[in-house]
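Residue numbers (the working numbering): -4 to 156.
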């Protein structure tokens, strides 16, 4: 298993520095490489937000629940997709693992996604198609500080038979 998976931790304090275009491109590639339920490749979309005006609108709409990160992946799926939340979560994990592999921090944000999904005008400005539901936001940036390591070796119950 790669270090990028095992060492990934949620980062909630970001430096204001913008990501480079190659970094953004790598994260988009990770999003596009995500599997989806029943191989339905037309059920998910992402808006990659790096413009300060849009970042501020999102932060204001969700009471700064995206931690003022310099880049947000707003991931949406067709509202009637039975696997939408799962598909978005798998894509989010790809983004977060790739971010960690290139020295970036990230955090999985659901509460803000629900808040923003209710704002039809903002969704439209973000490029989210009608009929899509925002499932999750991934906040990405350069960590302001390194998160304290935690032992996750026995985090969940595992049964082997």
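Virtual Cβ for every residue (Gly too), placed ideally from N, Cα, C.
Note that the structure is a prediction, hence the values are computed from the model and not measured.
Distance CB(residue i)-CB(residue j) smaller than 8 Å
{"i": "residue 83", "j": "residue 39", "result": "yes"}
{"i": "residue 133", "j": "residue 101", "result": "yes"}
{"i": "residue 23", "j": "residue 71", "result": "no"}
{"i": "residue 30", "j": "residue 92", "result": "no"}
{"i": "residue 89", "j": "residue 2", "result": "no"}
{"i": "residue 32", "j": "residue 81", "result": "yes"}
{"i": "residue 103", "j": "residue 135", "result": "no"}
{"i": "residue 41", "j": "residue 26", "result": "yes"}
Spatial distance of residue i from residue j (CA atoms)
{"i": "residue 28", "j": "residue 53", "result": "26 Å"}
{"i": "residue 142", "j": "residue 21", "result": "23 Å"}
{"i": "residue 198", "j": "residue 155", "result": "Lying before the first or after the last residue shown, residue 198 is absent from the chain, which here runs from -4 to 156."}
{"i": "residue 79", "j": "residue 105", "result": "13 Å"}
{"i": "residue 0", "j": "residue 75", "result": "31 Å"}
{"i": "residue 50", "j": "residue 152", "result": "38 Å"}
{"i": "residue 140", "j": "residue 59", "result": "19 Å"}
{"i": "residue 144", "j": "residue 129", "result": "31 Å"}
{"i": "residue 137", "j": "residue 19", "result": "12 Å"}
Whole-Å CB distance - residue i paired with residue j, under 8 Å assumed
{"i": "residue 44", "j": "residue 121", "result": "7 Å"}
Heavy atom of the ligand NAD within 7 Å of residue i beta-carbon
{"i": "residue 129", "result": "Absence of the ligand NAD is noted for the structure shown, with no ligands found whatsoever."}
Discussion item. Three or more C-beta pairs under 8 Å: does that hold for the segment 95 to 112 against the segment 60 to 68?
Written reply: yes
Item to complete: Could you say if the segment 15 to 32 and the segment 110 to 117 meet the contact criterion of at least three C-beta pairs nearer than 8 Å?
Response: no
Practice prompt. Please determine if the segment 49 to 64 and the segment -1 to 9 are in contact, where contact requires at least 3 C-beta pairs separated by less than 8 Å.
Written response: yes
Worksheet entry | Continuous beta strand (DSSP E) assignments of at least 3 residues falling wholly in the segment 45 to 84 | 66 to 73
Discussion item. Restricting to runs no shorter than 4 residues, where is the alpha helix (DSSP H) found entirely within the segment 99 to 130?
Written reply: 106 to 112 and 115 to 120
Discussion item. Which complete alpha helix (DSSP H) runs does the segment 2 to 44 hold, if anything under 4 residues is left out?
Written reply: 16 to 27
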